[in-house]
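Novice: Dropping the structure in here first, questions after.
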Amino acid sequence: MKKQILILGSGFAGMWAAISAARLAHMNDRDDIVITVLAPQPELRVRPRFYENHVASLVSPLMPLFTATGVNFIAGSVERIDTNEKIVWYKDAQGGTVFASYDRLVLATGSNAKRAPVPGVEKHTFDIDQLESAQVFEKHLSSLVNQAPTPARNTVVVCGGGFTGIELATELPARLRELFGPGIQTKVVVVERGAVIGGRYSEALRGVIEQASEALDIEWRLNAEITAIDENGVTLKDGSHIASSTVVWTAGVQANALTEQFVAERDNQGRLYVDENLQIRGVPGVYATGDVANAASDDVGNTALMTCQHAIQLGKFAGNNVAASVLDLPPIPYRQVNYVTCLDLGSWGAVYTEGWDQKVQSVREEAKKIKIAITNELIYPPKAEREIAFSAADPLAKFV
Ligand SMILES: Cc1cc2nc3c(=O)[nH]c(=O)nc-3n(C[C@H](O)[C@H](O)[C@H](O)COP(=O)(O)OP(=O)(O)OC[C@H]3O[C@@H](n4cnc5c(N)ncnc54)[C@H](O)[C@@H]3O)c2cc1C
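Taking this note's numbering, the leading residue of the sequence shown gets -9, the next gets one more, and so forth.
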């Protein structure tokens, strides 16, 4: 009887888990293992680029890659996981509820933006978290040219000054200029609860973000708490009001809700704690990877972040280890010691740092070249050729 490895999600982690599992089965000459990815679409959506224009193009088809590596694909959206019966229930492409059974399961269903419970937040804010919502935001931005040129029309408020908020805010001046043409006074305001710009980052990185913000004329409202959002803009706790037709929520992200279906411990972002082989603690035969996993990335206390940098490697290790458990081979403990950040800063350039202490290595045009190499090439799927894909899926191959 063939063993079924079922991988939920075709993002960075799910895609790499599938190829890595197929690689190990192939290396061991085993054709009694069936590897299947179950996700709404056979495509990789390049979320790290969703602050850019033309989001519909930021998608990479996966069927040729799956065919080349012998991975099956089922189109569907999982609704329930039954670990006793070892089945998942999902809505298929026709809207019917069907099930798929498994011997081993890999959860790789990613994360979603999480809005704070502020009055008006659901109705009056955009986000750039998923392809569909980023498309809605892009359509709204384009429609602004048809509105009267009031200060509210010309102002975008970005709620949250983390990496996503900074990348969007610094990109927006150029996007608005392109939209409205020269001579129109536009404004981008970042509303941030912290007391300083980039408070969670190293001093050197903070300095660069401040410099770029100043050059791009981005206004930071620090120590700011949003109390209400409506069609006219954002109200802060100090009583001030920012008139804006465009409010974008970027603060907060939560692991996909399927993580709640396991009797297992989760962190405050909803991620499942996994062991060093990426198996969910206390749930035998089920692995979690990418944004749904809380995994130690080294021996000195660092934990994988919700980044595609980590999701790609977590995927390769999870795929290898789930296949190893079927093949009765030793797993490879997950380790990812190197950590870099590369933050786009719009027309000012970018900043590239290395290490967990975020030492700035390059800025402006030089860093921008690195950013483009990462987001336009490095994180995309490998070529749909078996040997190339398998070689890239080796968890021990150098990544960054
Ligand atoms: C605007 C933005 C900017 C970012 N910038 C960066 C950056 O600069 N650098 C960086 O490293 N990271 C960045 N990230 C984070 C990065 O995109 C995520 O960490 C990464 O996508 C996580 O990969 P994943 O495979 O775990 O999840 P995802 O890429 O989200 O993939 C999840 C997959 O699961 C599928 N799925 C979801 N629900 C179900 C279900 N019920 N049933 C079946 N399938 C399901 C989805 O369709 C998708 O295929 C950014 C994210 C955003 C939104």
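All C-beta atoms in this analysis are idealised placements derived from N, C-alpha and C, irrespective of residue type, glycine included.
Remember, it's a predicted structure, so these values are computed and weren't measured experimentally.
So, under 8 Å CB-CB, E204 and Y41 are touching, yes? Tell me the CB distance rounded to an integer number of Å.
Specialist: Incorrect: roughly 20 Å between the Cβ atoms, too far for contact.
Novice: With 16 as the cutoff for other CB atoms within 10 Å, does S381 come out buried or exposed?
Specialist: exposed
Novice: Tell me which same chain residues have a C-beta within less than 8 Å of the C-beta of F116, skipping the five on either side of it?
Specialist: S123, V126, F127, H130, T236, V237, V238, W239
Novice: Should E182 go down as buried or exposed, given a rule of 16 or more other Cβ atoms within 10 Å for buried?
Specialist: buried
Novice: Go to W6, then tell me how far its beta strand (DSSP E) extends in each direction, as first and last residue.
Specialist: For W6, there is no enclosing beta strand (DSSP E); the residue is part of the alpha helix (DSSP H) that begins and ends at 2 to 17.
Novice: Which residue from V180, D22, K349 puts its Cα closest to that of E157?
Specialist: Checked all of V180, D22, K349; the closest Cα to E157 is V180.
Novice: Taking the continuous beta strand (DSSP E) assigned at L28, which residues delimit it?
Specialist: 23 to 29
Novice: Evaluate V290 with the Cβ neighbour count: other Cβ atoms within 10 Å of its Cβ, from every protein chain shown; 16 or more gives buried, anything less gives exposed.
Specialist: exposed
Novice: Please name the residue in L195, P54, C298 whose C-alpha comes closest to that of R376.
Specialist: P54
Novice: Helix, strand or coil for F40? Go by DSSP, reduced to three states.
Specialist: coil
Novice: Restricting to Cα atoms, I'd like to know which of E355, G229, D347, N144 is closest to P172.
Specialist: N144
Novice: List, from N- to C-terminal side, the beta strand (DSSP E) runs of 3 residues or more that fit wholly inside the stretch 213 to 271.
Specialist: Considered as a whole, the stretch 213 to 271 harbours 216 to 220, 223 to 226, 231 to 233, 236 to 239, 243 to 245 as its complete beta strand (DSSP E) runs of no fewer than 3 residues, in chain order.
Novice: Does ligand 1 have even one heavy atom less than 7 Å from the beta-carbon of S10?
Specialist: no
Novice: Per the contact definition of three or more C-beta pairs closer than 8 Å, is the stretch 215 to 223 in contact with the stretch 104 to 114?
Specialist: Counting Cβ pairs under 8 Å, three or more are found: they touch.
Novice: Which residues share a DSSP beta bridge with I156?
Specialist: Looking at the DSSP assignment, I156 forms no beta bridge with any residue, so it has no partner.
Novice: Looking at the structure shown, is K129 part of a helix, part of a strand, or coil, going by DSSP?
Specialist: helix
Novice: For P54, report the span of its alpha helix (DSSP H) as first-last.
Specialist: 53 to 59
Novice: Leaving out five residues before and five after Y329 in sequence, what residues of the same chain have Cβ atoms less than 6 Å from its Cβ?
Specialist: W346
Novice: As a quick exercise: from K306, V341, D318, pick the residue whose alpha carbon is nearest that of R325.
Specialist: K306
Novice: Quick one: what's got a C-beta closer than 6 Å to I369's C-beta in the same chain, skipping five residues either side?
Specialist: C298
Novice: CA-CA distance, R354 and I208?
Specialist: 17 Å
Novice: Where does F389 fall in DSSP's three states?
Specialist: Coil.
Novice: Span of the beta strand (DSSP E) holding E344?
Specialist: 340 to 344
Novice: In three-state DSSP terms, what is A65?
Specialist: strand
Novice: With a CB to CB cut of under 8 Å and the five nearest residues on each side skipped, what residues in its chain are close to L14?
Specialist: G309, N310, A313, A314, L317, L319
Novice: Could you check which residue in H16, Q201, W79 has the C-alpha nearest to that of A65?
Specialist: W79
Novice: Would you give the residue range spanned by the beta strand (DSSP E) that R94 belongs to?
Specialist: 94 to 97
Novice: Assuming A103 and G197 form a contact by the criterion Cβ under 8 Å, report the distance between their Cβ atoms to the nearest whole angstrom.
Specialist: That belief does not hold up - the Cβ atoms of A103 and G197 are roughly 28 Å apart, past 8 Å.
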